[in-house]
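Below is one structure, written out as structure tokens; comments come after it.
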Amino acid sequence: SAEIMPVVWMLRRVASRMLQRPACGCQAPVLPSRFLGTSPQQIPADANFHSTSFSEADQPRVLITGGLGQLGVGLASFLRKRFGKDNVILSDIRKPPEHVFLS
Numbered sequence: 007s008a009e010i011m012p013v014v015w016m017l018r019r020v021a022s023r024m025l026q027r028p029a030c031g032c033q034a035p036v037l038p039s040r041f042l043g044t045s046p047q048q049i050p051a052d053a054n055f056h057s058t059s060f061s062e063a064d065q066p067r068v069l070i071t072g073g074l075g076q077l078g079v080g081l082a083s084f085l086r087k088r089f090g091k092d093n094v095i096l097s098d099i100r101k102p103p104e105h106v107f108l109s
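Okay, so the sequence shown: first residue is 7 according to the working numbering, each after it adds one.
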């Protein structure tokens, strides 16, 4: 559906950036593992991430479940820079390391 397209575009962009990092193991790869959801009321169906800018009041809220998996922490960091730290929620059944919890 149209609401999913901005999310798919964003995941492709993050995945592309992650694949460009060194394969030496210097930095662990990170991307979302299970689900990335945004409320359809907050992003119009015809929204285009290339041209849409959100005001402080109508920033989308993003929930990343399974967020401590391979992709979640890096994606959360990327999305927090874009939408603000209070609009991106990372959840998992595991307790996060302290540096992740404090971010």
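The C-beta atom is built at its ideal place from N, Cα and C for all residues, glycine as well.
Membership of S97 in the beta strand (DSSP E) is indicated by the continuous run 94-97. In this structure, the CA atom of A82 is about 7 Å from the CA atom of L96. When secondary structure is reduced to three states using DSSP, K101 falls in the coil class, being assigned neither helix nor strand. For the pair N93 and V13, the Cα-to-Cα distance works out to about 15 Å. Approximately 4 Å separates the beta-carbon atoms of D98 and L74; this is inside 8 Å, confirming the contact. Counting only the Cα atoms, D64 lies some 24 Å from R18.
DSSP places G80 in the helix class (H, G or I) of the three-state scheme.
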